[in-house]
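One structure below.
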Amino acid sequence: METPGSQTSLHRANLERVVRAVRMAGSLTQAEIARATGLSAATVSNIVRELKDGGTVEVTPTSAGGRRARSVALSGDAGIVIGVDFGHTHLRVAVGNLAHQVLAEESEPLDVDGSAAEGFDRAEHLVKRLIAASGISQDKVIGVGLGVPGPIDVESGTLGSTSILPGWKGINPSEELSGRLGVPVYVDNDANLGALGELVWGSGRGVKDLAYIKVASGVGAGLVISGQIYRGPGGTAGEIGHITLDESGPVCRCGNRGCLETFTAARYVLPLLQSSHGADLTMERVVQLAREGDPGCRRVIADVGRHIGSGVANLCNLLNPSRVVLGGDLAEAGELVLGPIRDSVSRYAIPSAARQLSVLPGALGGRSEVLGALALVLNEMGDSTLLDSALPANTPAFT
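Here my numbering is used: the first residue of the sequence shown is 2, the next is one more, and so on.
Okay, here's the thing in structure tokens:
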């Protein structure tokens with residue numbers, strides 16, 4: 002039996018610290034592991050050697066600052082994680098390993114507003130097909146990250162707003178997919194997963210505090226504070242789309258008037274252009290036309306950017322993030338939308354907060370949520386399973 006404070010328990014804790022640091026970063030040099038964990042270089046070297054011998058990590062030669070170094074990553078055989086992203090019009094699935102490598106990825110059209118059962122049938126089929134196509138044994142799957150386009154109620158695990166996905170009323174997405182696949186499923190809303198994806202793989206790399214703004218059929222924000230997603234006690238943190246801009250404005254689906262969403266989301270913006278540009282207009286097409294110089298589309302995108310900037314200014318004043326990342330189709334407009342966002346932030350945010358903020362487009366495009374779902378599993382999974390399966394029962398106690 003391990004006793005608290007013993008050499009064995011201390012060694013175990015150090016093993017978990019190293020594995021956790023590598024798991025979250027994807028790969029690190031031994032010097033970077035030492036800085037991230039606070040362990041000495043000698044301790045890190047011994048632990049890495051032990052983990053390598055046990056098959057938990059892989060070590061490859063690299064360079065850092067012009068000097069030779071050794072890069073440490075979790076073994077590609079240590080386990081597999083799955084990401085599932087339900088968008089309003091698509092289903093996307095990705096298969097990855099613990100070294101942050103995407104092994105397979107596929108998407109297909111799906112009307113997620115319809116039957117939840119059909120959506121989960123499609124997801125189960127696509128997951129199993131990608132696992133088989135990758136030549137991976139299903140018992141290697143450690144967990145699944147699942148994204149849905151709406152807030153998740155923390156207490157019940159169900160969607161927090163039935164007006165967003167009425168066909169999913171009473172459904173617990175985690176339990177439903179876990180029962181089908183036989184592995185743990187971690188669920189979050191699409192904005193939070195977009196934030197995680199950009200934090201790990203995209204425009205958020207290297208920062209600890211950011212907001213990911215996704216503008217699609219609705220408007221949401223994924224908030225990262227001190228490197229962790231902030232969800233709030235009820236799971237609804239980041240519902241930036243329901244900040245009130247005009248108390249006499251259009252009625253929002255939430256029942257209030259003049260929410261940010263009513264000035265920026267596709268369902269409200271597209272009708273402004275349909276009389277002149279056709280009824281089958283999409284936000285993707287609006288962005289394309291704006292980039293080609295269409296004056297009406299440019300005006301609408303600039304207006305949307307200014308309204309988003311008002312919401313971002315409120316976030317700056319409250320949370321003081323160092324970076325805002327814009328996702329969704331709108332991000333493809335580049336400076337046509339980012340410029341007006343920055344203008345509004347400069348006008349409405351506290352000057353010191355505005356000066357510290359950078360506003361960038363997402364680097365991952367439509368993949369940010371499914372990659373965030375992979376990152377969610379990497380965040381939530383424990384390290385004990387990896388160590389217990391790879392290391393012998395009596396490991397030497399390096400300190």
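Every residue, glycine too, gets a C-beta built ideally from N, C-alpha and C.
Collapsing the DSSP output to three states places P362 in a strand. Going by C-alpha positions, E106 is about 10 Å away from V128.
Nearest to L92 by alpha-carbon distance, out of G115, A70, W202 and N98, is G115.
With a cutoff of 8 Å on beta-carbon distance, G373 and A196 are scored as near each other.
For G297, the enclosing alpha helix (DSSP H) starts and ends at P296 to L320. For N190, the three-state secondary structure derived from DSSP is strand. Spatial neighbours of R343 in its own chain (CB-CB distance under 8 Å, excluding positions within 5 residues in sequence) are listed in chain order as G310 and V360. Secondary structure at E176: helix, using DSSP grouped into helix, strand and coil.
If you draw a 10 Å sphere on the C-beta of R18, you find 16 or more other C-beta atoms in it, and that means buried. Taking V301 as reference, the option from E262, V287 and S345 with the minimal CA-CA separation is V287. Residue burial is scored here from C-beta neighbours: L194 has at least 16 other C-beta atoms within 10 angstroms and is therefore classed as buried. The three-state reading of DSSP puts S28 in strand, counting E and B together. One alpha carbon belongs to E176, the other to G279, and they sit about 42 Å apart. In the three-state DSSP reduction, I132 falls in the helix class (H, G or I). When DSSP assignments are scanned along the segment 53 to 102, the uninterrupted stretches of beta strand (DSSP E) that are 3 or more residues long and fall wholly within it turn out to be 58 to 65, 68 to 75, 81 to 87 and 91 to 98. In the three-state scheme derived from DSSP, where H, G and I count as helix and E and B as strand, T283 is classed as coil. Shown here for N315: same chain residues with a beta carbon closer than 7 Å to its own, the five before and five after excluded, namely I244 in chain order.
The Cβ-Cβ distance between T30 and T63 falls below 8 Å. Ranked by Cα distance from V346, the options R50, V220 and H308 are led by H308. The Cβ neighbour count for S204, taken over all protein chains shown within 10 Å, is at least 16; the residue is labelled buried. Three or more Cβ pairs closer than 8 Å define a contact, and the segment 130 to 139 falls short of that threshold against the segment 65 to 76. The segment 218 to 225 makes no contact with the segment 179 to 186, as fewer than three CB pairs between them are under 8 Å. The segment 137 to 152 makes contact with the segment 79 to 87: 3 or more CB pairs, one atom from each, lie closer than 8 Å. Per DSSP, the continuous alpha helix (DSSP H) segment holding G373 begins and ends at S369 to E381. When the five nearest sequence neighbours on each side are left out, the beta carbons in the same chain lying within less than 8 Å of the beta carbon of A266 are those of V216, A217, S218, G219, V220 and G242, in order along the chain. If you look at Q229, you'll find it in the beta strand (DSSP E) that goes Q229 to Y231.
The DSSP-derived three-state label of V201 is helix.
V23 is classed as buried because its beta carbon has at least 16 other beta carbons within 10 Å across all chains shown. Rounded to whole angstroms, the separation of the alpha carbons of G329 and C317 is 21 Å. Considering only A291, A354, A376 and G297, the residue with the shortest C-alpha distance to G335 is A291. The DSSP-derived three-state label of I351 is coil. Contact check for G198 against E333 fails: the beta carbons are separated by 8 Å or more.
Of all alpha-carbon atoms in P110, Q8, A355 and V96, the one lying nearest the alpha-carbon of F87 is that of P110. Distance from the CA of S10 to the CA of L16, rounded to the nearest whole angstrom, comes to 10 Å. Contact between A26 and A35 is absent: CB atoms are separated by about 13 Å, not below the 8 Å threshold. Assignment of beta-bridge partners to K209 by DSSP yields no partner.
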